[in-house]
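Engineer: Once you've had a glance at the structure underneath, I'll fire off some questions.
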Amino acid sequence: MQTSSPALASNPGAIQNGFTWSDDLLTGDARMDHTHAEFADQLNALFATPAVDQLPLYQAFLDHTVAHFAQEDRWMQATGFTPKNCHSDQHAMILETMQAVVAHYQKGETDIINRMAEALAEWFAQHAISMDAGLAQHLQSVGFDSATETLADPQAVRNVTVSGCGSISRS
Ligand SMILES: [Fe+2]
Ligand SMILES: [Fe+2]
Numbered sequence: 025m026q027t028s029s030p031a032l033a034s035n036p037g038a039i040q041n042g043f044t045w046s047d048d049l050l051t052g053d054a055r056m057d058h059t060h061a062e063f064a065d066q067l068n069a070l071f072a073t074p075a076v077d078q079l080p081l082y083q084a085f086l087d088h089t090v091a092h093f094a095q096e097d098r099w100m101q102a103t104g105f106t107p108k109n110c111h112s113d114q115h116a117m118i119l120e121t122m123q124a125v126v127a128h129y130q131k132g133e134t135d136i137i138n139r140m141a142e143a144l145a146e147w148f149a150q151h152a153i154s155m156d157a158g159l160a161q162h163l164q165s166v167g168f169d170s171a172t173e174t175l176a177d178p179q180a181v182r183n184v185t186v187s188g189c190g191s192i193s194r195s
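For the sequence shown, position 157 (counting from the first letter as 1) is numbered 181 according to the numbering used here, and the numbering increases by one without interruption.
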């Protein structure tokens with residue numbers, strides 16, 4: 025993982041020769057943050073690879089992102105989110121776009137992975153500090169341990185229904 029630079033600290037995710045990690049991206053959930061650091065590392069590996077060699081890395085990145093989003097979706101389901109909620113919808117939309125990129129690349133549009141990586145870098149920074157940080161805060165508030173995927177007290181989510189985005193906003 026790249027270390028944060030003070031100049032970029034107020035602009036998490038800024039692309040300057042790659043995706044710059046910043047502690048501003050931390051959500052407070054250790055397992056989620058670990059997955060996010062892996063996401064950032066794989067994004068940077070793509071930026072560092074010539075377009076003609078990117079497909080195998082991109083496919084591994086796509087697999088990682090499927091697991092990353094499934095993990096968060098699972099935690100939402102375990103803690104009172106409705107199956108249809110805008111955080112999970114956003115995951116599904118991003119995955120659909122990422123999957124479509126493979127076919128375009130295979131048809132000869134070899135700059136498309138770089139364009140997708142740039143779009144994802146921008147998207148991810150915003151997503152991490154809003155929806156993911158909101159989810160991390162929610163998990164903490166209901167006593168959900170993401171390491172073991174268990175609730176300290178299952179009653180804690182008995183009357184919890186989250187149907188919106190579950191985001192938090194930061195000024
Ligand atoms: Fe995430
Ligand atoms: Fe997410």
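By construction, the Cβ of each residue, glycine as well, lies at the ideal position given by its N, Cα and C atoms.
Alpha carbon to alpha carbon, what distance is there between HIS92 and HIS162?
Structural biologist: Taking the straight line joining both Cα atoms gives about 18 Å.
Engineer: Three-state secondary structure (DSSP) at ASP169?
Structural biologist: DSSP places ASP169 in strand when its eight states are reduced to three.
Engineer: Following the continuous alpha helix (DSSP H) through TRP45, name the residue where it begins and the one where it ends.
Structural biologist: Here TRP45 belongs to no alpha helix (DSSP H), and DSSP marks it neither H nor E.
Engineer: Could you check how far apart the C-beta atoms of PHE71 and GLY42 are, in whole angstroms? I think they sit under 8 Å.
Structural biologist: Right, their Cβ atoms sit about 5 Å apart.
Engineer: Which two residues bound the contiguous alpha helix (DSSP H) that contains LEU86?
Structural biologist: Where LEU86 is concerned, the enclosing alpha helix (DSSP H) stretches over 78 to 102.
Engineer: Which runs of the beta strand (DSSP E), 3 residues or longer, sit entirely within the stretch 120 to 147?
Structural biologist: You should have found no qualifying run.
Engineer: Which residue marks the beginning of the alpha helix (DSSP H) containing ASP65, and which one marks its end?
Structural biologist: ASP65 -> alpha helix (DSSP H) spans 54 to 71.
Engineer: Identify which residue in ALA64, ALA160, ARG55 and MET56 has its Cα closest to the Cα of SER46.
Structural biologist: Considering only alpha carbons, the answer is ALA64.
Engineer: At the level of alpha carbons, what is the spacing between VAL184 and TRP99?
Structural biologist: The straight-line gap from Cα to Cα measures roughly 14 Å.
Engineer: Can you name the residues that DSSP bridges to VAL186?
Structural biologist: Note: VAL186 sits in a beta bridge opposite PHE105.
Engineer: Look up LEU175 in the DSSP assignment and say whether it is helix, strand or coil.
Structural biologist: Strand, per DSSP.
Engineer: Let me know if HIS58 comes out buried or exposed under the rule of 16 or more other beta-carbons within 10 Å of its beta-carbon.
Structural biologist: Flag for HIS58 reads exposed.
Engineer: Can you name, in chain order, every residue of its own chain whose Cβ lies under 7 Å from the Cβ of LEU79, other than the five neighbours on each side?
Structural biologist: Cβ neighbours of LEU79 beyond the five flanking positions: TYR129.
Engineer: Rounded to a whole number of angstroms, what is the C-alpha to C-alpha distance between THR121 and LEU175?
Structural biologist: For THR121 and LEU175, the distance between alpha carbons rounds to 33 Å.
Engineer: Where does LEU50 fall in DSSP's three states?
Structural biologist: In this structure, LEU50 counts as coil in the three-state DSSP scheme.
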